[in-house]
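Scroll down for the structure; my scribbles are underneath it.
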Amino acid sequence: MSERPYVIDEMISAKAIAARIEDLCRDIHKSFADTEKLVVVGLLRGSFVFIADLVRELDLPVEVDFLEVSSYGDAMESSREVRVLKDLRGGIEGRDVLVVEDIVDTGHTLSHVTRLLLSRNPARLRTIALLDKPSRREADFKADWIGFEIPDEFVVGYGIDFAQRNRNLPFIGKVRFT
Ligand code: IMP
Numbered sequence: 001m002s003e004r005p006y007v008i009d010e011m012i013s014a015k016a017i018a019a020r021i022e023d024l025c026r027d028i029h030k031s032f033a034d035t036e037k038l039v040v041v042g043l044l045r046g047s048f049v050f051i052a053d054l055v056r057e058l059d060l061p062v063e064v065d066f067l068e069v070s071s072y073g074d075a076m077e078s079s080r081e082v083r084v085l086k087d088l089r090g091g092i093e094g095r096d097v098l099v100v101e102d103i104v105d106t107g108h109t110l111s112h113v114t115r116l117l118l119s120r121n122p123a124r125l126r127t128i129a130l131l132d133k134p135s136r137r138e139a140d141f142k143a144d145w146i147g148f149e150i151p152d153e154f155v156v157g158y159g160i161d162f163a164q165r166n167r168n169l170p171f172i173g174k175v176r177f178t
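Residue numbers 1 to 178, in the UniProt record's numbering, belong to the letters of the sequence shown in order.
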C-alpha cells in the first residue's frame, strides 16, 4: 500500500496547531493547578512531537514517561488487539497523570490504555489527543481534551506517520493517492 504514490494536502497548519496547544494548556493548567507533579505519559511513537510542544507550554512541574502499545503496524487499518510493547519506567500510584495521544480513531487504543493505567491507582488520570475522528469510533471512549476533530481521512505529519514516513512534517496533512 505504501508503495503507491501519494501527495499530502495540508489540513491543519503548524500555526493553527501552536495556537490550539496554547488554549489546551490553559485548560489543563486549571485542572491540575494544585498538582505536586504531573506525569505526562506519551504514547509512542505518534505523540512525540505533540508531547514536546505540550510540556513546553505547561507551566506546571512535570515528569515525562512513555508507553508503547501495538496498533497499526505499517498498514492503514487498525488492529483491534492492543499489546504493551514498552511499559512506563515509573510507577503512577497516587500520582496525577496526563496521557497524550496523537489520534483517537476507533478508540480501542486509548480505552485499553486508560483501563490499564487506572488499574495502577493514579490520583487523577486525564487524556488528551491532538486529533479525533469521531465517525470512526468503535470503543466507548472520549478524551478529556481534543485538539481538532477531523473527518475520516488518513493523516500524517507532526509526529504522525504513514508506514514510518512523514513524521517530520511541521503540519498535519491528509494523504491523497495519485
Ligand atoms: P485507535 O485504537 O483506532 O483509536 O487508533 C489510534 C492509533 O491509530 C493512533 O495512535 C495512530 O497511531 C493510528 N492512526 C489512526 N488514524 C491514523 C491516521 O490517520 N494516520 C496515522 N495513524 C493513524
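From the three backbone atoms N, C-alpha and C, an ideal C-beta is built for every residue, glycine too.
Keep in mind the model is a prediction, meaning the values are calculated, not measured.
Assigned exposure category for residue i - 16 Cβ within 10 Å defines buried
i: residue 105; result: buried
i: residue 115; result: exposed
i: residue 141; result: buried
i: residue 157; result: buried
i: residue 27; result: exposed
i: residue 111; result: buried
i: residue 47; result: buried
i: residue 122; result: buried
i: residue 86; result: exposed
i: residue 180; result: Coverage of the chain is limited to positions 1 through 178, which leaves residue 180 absent and any answer about it impossible.
i: residue 178; result: exposed
Contact test: residue i Cβ vs the ligand IMP heavy atom, cutoff 7 Å
i: residue 107; result: yes
i: residue 128; result: no
i: residue 154; result: yes
i: residue 104; result: yes
i: residue 42; result: no
i: residue 93; result: no
i: residue 149; result: no
i: residue 110; result: yes
i: residue 48; result: no
i: residue 161; result: yes
Segment limits, alpha helix (DSSP H) that includes residue i
i: residue 19; result: 14 to 31
i: residue 116; result: 108 to 118
i: residue 66; result: Segment 62 to 69 is the beta strand (DSSP E) holding residue 66; no alpha helix (DSSP H) there.
i: residue 57; result: 48 to 57
Enclosing beta strand (DSSP E) for residue i [first to last residue]
i: residue 147; result: 145 to 149
i: residue 176; result: 172 to 177
i: residue 127; result: 124 to 132
i: residue 96; result: 96 to 104
i: residue 86; result: 84 to 86
i: residue 42; result: 38 to 44
Expected contact under 8 Å - CB spacing of residue i and residue j to nearest Å
i: residue 12; j: residue 171; result: 6 Å
Are at least three pairs of beta-carbons, each pair with one atom in the segment 25 to 35 and one in the segment 52 to 62, less than 8 Å apart? In this structure the segment 25 to 35 lies against the segment 52 to 62, because at least three pairs of beta carbons, one per stretch, are closer than 8 Å.
Three Cβ pairs or more, each shorter than 8 Å: is that satisfied between the segment 95 to 109 and the segment 16 to 27? Counting Cβ pairs under 8 Å, fewer than three are found: no touch.
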